[in-house]
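Trainee: Residue numbers (UniProt numbering): 3 to 459. Structure below; questions to follow.
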Amino acid sequence: KPQIVWLRRDLRIEDQAALRAAAEAGPVIPVFVLDDETPGERRLGSASRWWLHGSLQELGDALNARGSRLILRRGSAAQVVSLLADEVGAGAIHTIRHYEPWWVKAEQDIAKRVDLVLHDGNYLLPPGCVVTGAGTPYRIFTPFYRAAMAHMPPPAPTSAPHFHAPARWPASDRLDDWKLRPTRPDWATGFVEVWTPGEAGATERLKDFLDVAAEYETTRNLPSQEGSSRLSPHLHWGEISPATVWHALDGRQGKGSESFRSELFWRDFAQNVITQFPDYPDRSFRPEFEKFRWRDPAKDENAKADLKAWRQGRTGYPIVDAGMRQLWRTGWMHNRVRMIAASFLIKHLLIDWRSGERWFWDTLVDADYGNNATNWQWVSGSGVDAALFTRIMAPLTQSAKFDAAEYIREWVPELADLTDEDIHDPPNRPRGYPDQLIGHREARERALSGYRAMKAS
Ligand code: FAD
């Protein structure tokens, strides 16, 4: 009997447990369902849709080259997949387990109707399998990481399976008809210069990173250098498995790969968080933050203008503006700058972290339900880890400390002629570059007093 492989954020052929198991059981029908209903408000953002188009195109070509196909359907995934199983008389549906709450629910719904086989492999360890001595899941990264490391290395990655085609292929949508990429205006021209979505692009990216991985510990924090892997969208879409990345680094001992592996575990940690708290991206974990008197862009014109300036990279803080413009142009932002820009929105502009999380959700090619919220709540100090609200980042100091001059020149061309010394905080604003929305000291005092008021209320 034909075996359906229901693909979601696991768009690869190698080390793909669902594909492999299906191929061992019979002819394989790989299917991807574009589902804008089930995730509700969490339907894919614009940058994610851009990425998905490229990734599906590449996967479709790769499957064709192996005598298989990628079937595309649209609608509520649970319904579409179950109906497809009836249509083709499927023996089973195989899929890699996903942890976004709407996918957990969809998996349960499908399992009620047909034989659904769930596989692991998108994370180093399945969330929930690392628990404390008391049998509860971890809420703090460091003990989680220590316990998880005891299970490493992950199993060696498996190669692509051999596919048998079914006697008849079911009908498929045409990818172009989904219109996942923008046409007019095409805001994604900058994306094309930076990214190659798909498994081959991911493999290439990993290869490039291996050349510089030994220096990762220091260079990862320097936005002017390409010191990090830039694998995040590939990992998010499952175009490469974390086990593959892990094993590629194996044998390269030293601080670089050690610290890289711990970053990979942040990704696992975030899934571990949303598994415990499925609405984590929509609610401050610490309930007192619900009482924080944020400046509300829906009600306050000044806050609305500030939020817009932040999104457009026109805050008057060069490092923040460079990051926000890099995000808009390429769908990605350097991690150090993400922290600075997020902290600026929350603490300098006193705008609820959820406004920022939503903007990132729409604009990041690596927008991830778990990673995005875990990091936003980490910066705001409202999350599972230590309460860090009062640790207010000084954007100008950070910019100088992490040597962001070249980075600013690239993304804020109005400032390109300034010296390394002046560029972090231009003494005279070149024409067209805005004044600071608020001074650092004033912002700091306003934020701390807001925090004290929340604590007292
Ligand atoms: P590398 O430094 O090369 O790290 C390797 C991989 O480890 C990354 O590709 C990623 O999968 C994982 N990783 C690294 N750092 C983190 C982290 N802090 N949290 C979780 N996983 C991590 N990352 C996302 O993948 N999606 C998001 O939506 C996202 N939103 C963020 C929002 C904010 C406010 C902040 C501060 C960080 C966010 N991050 C997010 C985490 C981090 O910035 C990116 O994963 C990283 O910049 C990606 O670049 P890289 O692939 O070169 O990372």
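For each residue, glycine too, the CB sits at the ideal point set by N, CA and C. Values in this document were obtained by computation on a predicted structure and should not be read as measured data.
Would you mind listing the beta strand (DSSP E) stretches within the UniProt domain "Photolyase/cryptochrome alpha/beta" (3-126) that are 3+ residues and don't spill past its ends, in chain order?
Mentor: Entirely contained in the UniProt domain "Photolyase/cryptochrome alpha/beta" (3-126), the beta strand (DSSP E) runs reaching 3 residues are, in chain order, 5-9, 30-36, 73-76, 94-98 and 118-121.
Trainee: Taking only three categories from DSSP, how would you classify K133?
Mentor: Indexing the sequence shown from 1 puts residue 133 at position 131. It should be pointed out that residue 133 corresponds to Val in this sequence rather than to Lys. Strand at V133.
Trainee: For P168, which residues in the same chain have their Cβ closer than 7 angstroms to its Cβ, ignoring the five residues on either side in sequence?
Mentor: As a position in the sequence shown, residue 168 is number 166, starting the count at 1. P4, P29, I31 and V90, listed in sequence order.
Trainee: Less than 8 angstroms between C-beta atoms, sequence neighbours within five positions excluded: which residues of the same chain meet that for E403?
Mentor: Within the sequence shown, numbered from 1, the residue matching residue 403 stands at position 401. Residue identity differs from the one stated: residue 403 is Lys in this sequence, not Glu. So the list is empty, once near-sequence residues are dropped.
Trainee: Taking Cβ positions, are R44 and I98 nearer each other than 9 angstroms?
Mentor: In the sequence shown, residue 44 corresponds to position 42, counting from 1. In the sequence shown, residue 98 corresponds to position 96, counting from 1. Not a contact, by the Cβ cut-off of 9 angstroms.
Trainee: What separation, rounded to the nearest whole angstrom, lies between the Cα atoms of S48 and W330?
Mentor: Your numbering for residue 48 matches position 46 in the sequence shown. Your numbering for residue 330 matches position 328 in the sequence shown. So the two alpha carbons sit approximately 11 angstroms from each other.
Trainee: Helix, strand or coil for P289? Go by DSSP, reduced to three states.
Mentor: Start at 1 with the first residue of the sequence shown, and residue 289 comes out as number 287. In the structure shown, P289 sits in a helix (DSSP, three-state: H, G or I).
Trainee: Does the Cβ of T376 lie closer than 8 angstroms to at least one heavy atom of the ligand FAD?
Mentor: The sequence position of residue 376 within the sequence shown is 374, counting from 1. Within the cutoff, so yes.
Trainee: If you drop the 5 nearest sequence neighbours on each side, which residues of the same chain put their C-beta closer than 8 angstroms to that of N274?
Mentor: Indexing the sequence shown from 1 puts residue 274 at position 272. So the qualifying residues of the chain are P129, G130, V132, P139, Y140 and F146.
Trainee: Any heavy atom of the ligand FAD closer than 8 angstroms to the Cβ of F165?
Mentor: By one-based count along the sequence shown, residue 165 stands at place 163. Result no, Cβ not under 8 angstroms from the ligand FAD.
Trainee: Can you tell me where the alpha helix (DSSP H) with A158 in it begins and where it stops?
Mentor: Against the sequence shown, residue 158 aligns to sequence position 156. No alpha helix (DSSP H) holds A158; DSSP gives it neither H nor E.
Trainee: For F362 versus N374, is the C-beta spacing smaller than 9 angstroms?
Mentor: Here residue 362 corresponds to residue number 360 of the sequence shown, with the count starting at 1. Here residue 374 corresponds to residue number 372 of the sequence shown, with the count starting at 1. Against a cut-off of 9 angstroms, the Cβ pair of N374 and F362 comes out as a contact.
Trainee: Pop quiz: T40 and A80 are said to be a contact at Cβ under 8 angstroms. What is the actual Cβ separation, rounded to whole angstroms?
Mentor: Here the question's residue 40 lines up with position 38 in the sequence shown. Here the question's residue 80 lines up with position 78 in the sequence shown. Confirmed, Cβ separation roughly 7 angstroms.
Trainee: Please give the ranges of any alpha helix (DSSP H) in the region 345-430, keeping only runs that are unbroken, at least 4 residues long and fully inside the region.
Mentor: Listed in chain order, the complete alpha helix (DSSP H) runs (minimum 4 residues) inside the region 345-430 are 355-365, 371-382, 397-403 and 407-413.
Trainee: Take W239 and list the residues in its own chain whose beta-carbon comes closer than 6 angstroms to its own, dropping the five residues that flank it on each side.
Mentor: Counting from one through the sequence shown, the residue named residue 239 turns up at place 237. If we look at W239 and ignore the five residues flanking it on each side, its Cβ neighbours are R11, L13 and S57.
Trainee: Is it buried or exposed, V7, if we count other Cβ atoms within 10 angstroms and call 16 or more buried?
Mentor: Along the sequence shown, read from residue 1 onward, the residue named residue 7 stands at position 5. Result: buried.
Trainee: Using a Cβ-based criterion (distance less than 8 angstroms to any ligand heavy atom), does G383 qualify as near the ligand PLP?
Mentor: This structure does not include the ligand PLP; its bound ligands are the ligand FAD.
Trainee: Using CA atoms only, rank isn't needed, just tell me which of N223, D323, H96 and P235 is closest to A369.
Mentor: Against the sequence shown, residue 369 aligns to sequence position 367. Comparing Cα positions, the closest option is P235.
Trainee: Mind reading off the beta-carbon distance from L450 to D427? Whole number of angstroms is fine, and I expect it under 8 angstroms.
Mentor: Numbered from its first residue, the sequence shown carries residue 450 at position 448. Numbered from its first residue, the sequence shown carries residue 427 at position 425. Their Cβ separation, rounded to whole angstroms, is 22 angstroms, which puts L450 and D427 out of contact at 8 angstroms.
Trainee: Any chance the region 372-387 sits against the region 332-348, with 3 or more Cβ pairs inside 8 angstroms?
Mentor: Flag = yes, the region 372-387 and the region 332-348 touch.
Trainee: Is it the case that the CB of S231 approaches a heavy atom of the ligand FAD more closely than 8 angstroms?
Mentor: Stepping through the sequence shown from its first residue, residue 231 is reached at position 229. Yes; taking the cut-off as 8 angstroms, the Cβ of S231 has a heavy atom of the ligand FAD nearer than that.
Trainee: What first and last residue would you give for the alpha helix (DSSP H) that runs through F143?
Mentor: Walking along the sequence shown from the start, residue 143 turns up at place 141. F143 -> alpha helix (DSSP H) spans F143 to M151.
Trainee: Using a Cβ-Cβ cut-off of 6 angstroms (strictly less than) and excluding sequence neighbours within five positions of T421, which residues of its own chain qualify?
Mentor: Stepping through the sequence shown from its first residue, residue 421 is reached at position 419. No residues qualify anywhere along the chain.
Trainee: Please state whether DSSP places P139 in a helix, a strand or coil.
Mentor: Here residue 139 is taken as the residue at index 137 of the sequence shown, counted from 1. P139: strand per DSSP, three-state reduction.
Trainee: Tell me whether R327, by its Cβ, gets closer than 8 angstroms to a heavy atom of the ligand FAD.
Mentor: Position 325 of the sequence shown, counted from the start, is the residue given in the question as residue 327. Because no heavy atom of the ligand FAD lies under 8 angstroms away, the Cβ of R327 does not count as near it: no.
Trainee: Would you identify the three-state DSSP class for K457, choosing helix, strand or coil?
Mentor: Residue 457 sits at position 455 when you count from the first residue of the sequence shown. Three-state result, K457: helix.
Trainee: So D405 and G318 are in contact, right, with Cβ under 8 angstroms, and what is the actual spacing, rounded?
Mentor: Taking the sequence shown and counting its residues from 1, the one referred to as residue 405 is at position 403. Taking the sequence shown and counting its residues from 1, the one referred to as residue 318 is at position 316. Going by Cβ atoms, the distance from D405 to G318 rounds to 21 angstroms, so no, they are not a contact pair.
Trainee: Among P199, P155, A149 and W52, whose alpha-carbon lies nearest the alpha-carbon of residue 461?
Mentor: No answer is possible for residue 461: the residues shown for the chain start at 3 and end at 459.
Trainee: Please find out if some non-hydrogen atom of the ligand FAD comes closer than 8 angstroms to the beta-carbon of R14.
Mentor: Working through the sequence shown from its first residue, we reach residue 14 at position 12. Not so, every heavy atom of the ligand FAD lies at least 8 angstroms from the Cβ.
Trainee: Less than 9 angstroms between the beta carbons of L212 and L266, yes or no?
Mentor: For the purposes of this step, residue 212 is taken as the residue at position 210 of the sequence shown. For the purposes of this step, residue 266 is taken as the residue at position 264 of the sequence shown. No.
Trainee: When the Cα of R327 is compared with those of Q314, V339 and R338, which residue comes out closest?
Mentor: Residue mapping note: residue 327 aligns to position 325 of the sequence shown, counting from 1. Answer by Cα proximity: Q314.
Trainee: To the nearest whole angstrom, what separates the beta carbons of S357 and P299, a pair I think is in contact under 8 angstroms?
Mentor: One-based indexing of the sequence shown puts residue 357 at position 355. One-based indexing of the sequence shown puts residue 299 at position 297. That belief holds up - the Cβ atoms of S357 and P299 are roughly 6 angstroms apart, short of 8 angstroms.
Trainee: Consult DSSP for D188 and reduce its assignment to one of helix, strand or coil.
Mentor: Residue numbering aside, residue 188 sits at position 186 when the sequence shown is read from its first letter. DSSP places D188 in coil when its eight states are reduced to three.
Trainee: Rounded to whole angstroms, what is the Cα-Cα separation between D424 and P163?
Mentor: Locating residue 424 in the sequence shown gives position 422, counting from the first residue. Locating residue 163 in the sequence shown gives position 161, counting from the first residue. Near 56 angstroms, if we compare the C-alpha coordinates of P163 and D424.
Trainee: Keeping to the same chain, check which residues put their C-beta closer than 8 angstroms to that of G93; ignore five residues upstream and five downstream.
Mentor: Position 91 of the sequence shown holds residue 93. These residues qualify, in order along the chain: K3, P4, Q5, A27, G28 and D117.
Trainee: Looking at the structure shown, is F294 part of a helix, part of a strand, or coil, going by DSSP?
Mentor: Working through the sequence shown from its first residue, we reach residue 294 at position 292. The answer is coil: DSSP assigns F294 none of H, G, I, E or B.
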